[in-house]
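Residue numbers (the working numbering), protein chains in the order written: chain A, 266 to 485; chain B, 8 to 321. From the three backbone atoms N, C-alpha and C, an ideal C-beta is built for every residue, glycine too. None of the values given here were measured: they were computed from a predicted structure. For reference, the structure discussed in these notes is given below.
Next comes the structure, spelled out in structure tokens:
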């Protein structure tokens, strides 16, 4: 008799468990996945995603038919009159108001403070390298190389500077698509040191950064 | 024999009506419970299609079969994102061994490469998967334990630090390939270690084996907004991954095997990244290798022999 009661008890327990499991699975009580936190997207037009260089060279502006008025010196200057440079009492160059966009910062200790180190004082639309050959504005890389020889050598071999297009630029078909950016595409010739910039946002790790500083509803 | 057959024939009589009902009730309840537990499978959406399930190993596919596979994936991508991709299976070129050089004197730590890579390679935006991790390192050490990757100052570079972006080093002796139990990842003749996302079983052994943390796992279905999808795709490269597979940098095979620079090289504002064919003596990477002086293969002592070099210049 005891055996029968025991058996019945076991069966009833099993039955209750079965019913519980049916209900649980059917209504998906413990299978709910917690929603994934939506991370913000980087703006599609953001500067971060653009492959443009920091600056535009004269050659770029000509190619894009951009605004090159600033390179036409003789709209303001007089062709026959030589422009004299002015210095303050500390022997620092006084940049005239018309050229206030020019920040003199080429070389250390303010030693490179003569416009005519690079510009031709007899023809302002030309550049003046150390060897005396006249250069146009779109040949500025040769001007830079007249002082920065090793850097020009590295630039020519491709190890300094930005390249763009095809990695195998020996092949004739690839040549038109291969671009070697000029010095002035990245460096401001008047202040060549690379400017500091805002970095892109840091990574959002699964565990390390649980609370990012941005709200979650910026998904578009 | 005789006695056993007698007991067998007598057994049905031992089954009373009550015990029959009881056991059928229990059996029925068990069957319903099983059906209920399998019910979520009916609503499973990201499971493989029969075609994908029966697909052969990548290296055994004939060109015609590959064409069918590409067609299937294009169809799936179009259904999912509403855009028809230009999907190809680009093969390695002859006489090409890729090398990557990163100039640590030039890198400013702006992380533009990270986001250009995400855009090019259809990485998951949410949750986030990024192939490149930029480490901020104090001057005078190469100990990655001292690095910081969550840096977010107003302006970079910061004084006293240099920046070291780390991504897949495309090792010549890749530990990740050795541990893969199903050969879903392998090294191609041009040096790129690739993954077949349709063959990966998601065991993550490769992630444990990689000393550079270069491999990433899709814990969920990748969250890529349809308008951000890059439709220029390659089978072993940037086609959208599924849940439960690993992925990593593949030197943008969809670009580099088409002759283009990788996306990170194209975007670097400092010109710190150099890429090319090291067997070509006219290439910039060959010139760097032969004329520049200081090279670092990250964690060189592990013998992985990376194709990714760090160097300094003046």
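Cβ contact annotation for residue 331 of chain A (same chain, cutoff 8 Å, sequence separation greater than five): 321 and 325, in chain order.
Residue 201 of chain B places its beta carbon less than 8 Å from that of residue 257 of chain B. Annotated three-state conformation of residue 42 of chain B is helix, per DSSP.
With a contact defined as Cβ atoms closer than 8 Å, residue 119 of chain B and residue 313 of chain A qualify at about 6 Å. Rounded to the nearest angstrom, the gap between the Cα atoms of residue 314 of chain B and residue 385 of chain A is 47 Å. Inter-residue distance for residue 66 of chain B and residue 244 of chain B is about 15 Å (C-alpha atoms, whole angstroms). Between residue 97 of chain B and chain A, the shortest Cβ-Cβ separation is not below 8 Å. Interface criterion not met: the Cβ of residue 245 of chain B is under 8 Å from no Cβ in chain A. Here the alpha carbons of residue 57 of chain B and residue 109 of chain B stand approximately 44 Å from one another. With a threshold of 8 Å between beta carbons, residue 465 of chain A makes contact with chain B. If you ignore the 5 residues before and after residue 63 of chain B, its C-beta comes within less than 8 Å of the C-beta of 72, all in its own chain and listed in chain order.
Minimum Cα-Cα distance from residue 368 of chain A among the listed residues A:467, A:427 and A:453 corresponds to A:453. Of all residues in the segment 274 to 299 of chain B, only 274, 275, 276, 277, 278, 281, 282, 283, 284, 287, 289, 290, 291, 294, 295, 298 and 299 place a beta-carbon less than 8 Å from a beta-carbon of chain A. Fewer than three beta-carbon pairs drawn from the segment 282 to 290 of chain A and the segment 83 to 96 of chain B are found closer than 8 Å, and the two stretches are therefore not classed as touching. In the DSSP assignment, residue 159 of chain B falls outside any beta strand (DSSP E) and carries neither an H nor an E. Distance from the Cα of residue 46 of chain B is smallest, within the candidate group A:296, A:338 and A:410, for A:296.
Only buried fits residue 316 of chain B, as 16 or more other CB atoms lie within 10 angstroms of its CB. Per DSSP, the continuous beta strand (DSSP E) segment holding residue 315 of chain B begins and ends at 315 to 319.
Taking CB atoms only, residue 410 of chain A has no neighbour in chain B less than 8 Å away. With respect to chain B, the C-beta atom of residue 389 of chain A has no partner C-beta closer than 8 Å. Shown here, residue 260 of chain B sits in a helix according to DSSP, grouped into three states.
With respect to chain A, the C-beta atom of residue 219 of chain B has no partner C-beta closer than 8 Å. With fewer than 16 other Cβ atoms inside 10 Å of its own Cβ, residue 190 of chain B counts as exposed.
Going by DSSP, residue 141 of chain B is part of the beta strand (DSSP E) stretching over 140 to 145. Per DSSP, the unbroken alpha helix (DSSP H) holding residue 415 of chain A starts and ends at 414 to 422. DSSP places residue 291 of chain A in the helix class (H, G or I) of the three-state scheme. Flagged as an interface residue toward chain A: residue 164 of chain B, by a C-beta distance shorter than 8 Å. Between residue 383 of chain A and residue 350 of chain A, the C-beta gap is not smaller than 8 Å, which leaves the two residues out of contact.
Among the residues of chain A, those whose CB is under 8 Å from the CB of residue 37 of chain B are 283, following chain order. In the pairwise beta carbon analysis, the segment 454 to 462 of chain A is classified as not touching the segment 337 to 351 of chain A: fewer than three pairs are separated by under 8 Å.
Residue 453 of chain A is bridged by DSSP to A:456. Here residue 378 of chain A is near residue 357 of chain A, since their CB atoms are less than 8 Å apart. The Cβ-Cβ distance between residue 278 of chain B and residue 425 of chain A falls below 8 Å. Sixteen is the threshold: when 16 or more other Cβ atoms of the shown chains lie within 10 Å of the Cβ of residue 282 of chain B, as they do, the residue is buried.
The Cβ of residue 370 of chain A sits no closer than 8 Å to any Cβ of chain B. By the criterion of a C-beta distance shorter than 6 Å, residue 252 of chain B is surrounded in its chain by 204, 207, 209 and 225, once the five residues flanking it on both sides are discounted.
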